[in-house]
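These notes are about the structure you will find just below.
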Amino acid sequence: MMLTPTVVTEFDSQVPEDTKTATFGLGCFWGPDAAFGAIDGVVRTRVGYAGGTKSDPSYEVLGDHTEVIQVEYDPEQLSFTDLLERAFAEHTPYQQPQKRQYQNIVFTETAAQHDQLLTVLDESDLNRDRIETRLESLDRLYLAEAYHQKFNLRGKRWITDVFTEAGYDEVAVRESPAAAKLNAHVAGYDVSAPFIHQPSDPRSR
241 MMLTPTVVTE FDSQVPEDTK TATFGLGCFW GPDAAFGAID GVVRTRVGYA
291 GGTKSDPSYE VLGDHTEVIQ VEYDPEQLSF TDLLERAFAE HTPYQQPQKR
341 QYQNIVFTET AAQHDQLLTV LDESDLNRDR IETRLESLDR LYLAEAYHQK
391 FNLRGKRWIT DVFTEAGYDE VAVRESPAAA KLNAHVAGYD VSAPFIHQPS
441 DPRSR
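Below is the structure:
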């Protein structure tokens, strides 16, 4: 199936409305944005800043915030526990970058998520008393600038022109499920989507 404006808009219109979110700090947010976008059951992704106290942070004036990825997912296909396990696999829990901007954080948004986090830690080989990963309640997510959203698509005119022709602005691209899958695809991940056909790629994970 060719990538066309109609294909993009139809794909985006068919995603589930009942979704949940999970938010993680895993270093520079461009990489996790692609990695999580490739997962079946992930509906959309967005990157931003969280974990600090400064009001209205920006990339240039970040304050004490950290770069984070927020994943919106279909709870019928994927659980918060699944995403937790992937998040812990994406970094080394016993080490923490000194620069707060790129630190590792697992956020919880509800009591149920907090309980699931504790269960994952208790049932894993991780020593809760020794891990350096910050475990925090999400107070607020500040969305990052448009040029950070779906970063791997920047410069891929054969993709971005399709979204432009479909009438998408920067916000619509950020929130687009199709854009999340394509962002993962061009980063080298295997992605399941009707408009993506890719040979075996040694970079795929």
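Residue numbers (this note's numbering): 241 to 445. The beta carbon of each residue, even a glycine, is placed where N, CA and C say it ideally should be. Fair warning: this is a prediction, and the values are worked out from it, not measured in the lab.
Would you kindly work out how many angstroms separate the C-alpha atoms of ASN423 and LEU393, rounded to a whole number?
Here the C-alpha atom of ASN423 lies approximately 6 Å from the C-alpha atom of LEU393.
Out of ALA290, SER253 and ILE309, which one is the CA nearest neighbour of THR261?
Comparing Cα-Cα distances from THR261 to each of ALA290, SER253 and ILE309, the minimum goes to ILE309.
Report yes if the CB atom of VAL282 is closer than 9 Å to the CB atom of LEU383, and no otherwise.
No, the pair does not count as a contact, with Cβ atoms beyond the cut-off.
Would you mind reading off the limits of the beta strand (DSSP E) that contains SER377?
Here the beta strand (DSSP E) through SER377 covers 374-377.
Taking the beta strand (DSSP E) that ILE232 belongs to, which residues open and close that run?
With the chain covering only 241 through 445, there is no way to say anything about residue 232.
I'd like the span of the alpha helix (DSSP H) that includes ALA420, first residue to last.
Boundaries of the alpha helix (DSSP H) harbouring ALA420: 417-426, taken from the DSSP string.
With a threshold of 16 other CB atoms inside 10 Å of the CB of TRP398, please say whether the residue is buried or exposed.
TRP398 counts as exposed, since fewer than 16 other beta carbons sit within 10 angstroms of its beta carbon.
Quick check: VAL248 and TYR408, are their CB atoms within less than 9 Å of each other?
Between VAL248 and TYR408, the C-beta spacing is below 9 Å.
What's the C-alpha gap between ARG443 and PHE276?
For ARG443, the predicted model reports a pLDDT of 38, less than 50, meaning its position is unreliable and no value from the coordinates is stated.
On a CA-only basis, which of GLY265, LEU378 and HIS305 is nearest THR293? Give me that one, please.
Measuring from the Cα of THR293, the nearest candidate turns out to be HIS305.
So the alpha helix (DSSP H) GLN356 belongs to, where does it begin and stop?
Start and end: 351-363.
Since ASN344 sits in a beta bridge, which residues does DSSP pair it with?
Under DSSP, the beta-bridge partners assigned to ASN344 are LEU266.
Mind checking whether ASN344 and GLN356 have CB atoms under 9 Å apart?
No. Outside cutoff.
Could you give the DSSP three-state label for THR261: helix, strand or coil?
The answer is strand: DSSP assigns THR261 an E or B state.
Assign THR359 to buried or exposed, taking buried as 16 or more other Cβ atoms, counted over all protein chains shown, within 10 Å of its Cβ.
It is exposed - the Cβ of THR359 has fewer than 16 other Cβ atoms within 10 Å.
Can you tell me where the beta strand (DSSP E) with ARG284 in it begins and where it stops?
From DSSP, the beta strand (DSSP E) with ARG284 extends over 282-290.
Whose C-beta lies closer than 7 Å to the C-beta of ARG380 among residues of the same chain, with five residues either side of it excluded?
Cβ neighbours of ARG380 beyond the five flanking positions: ALA290.
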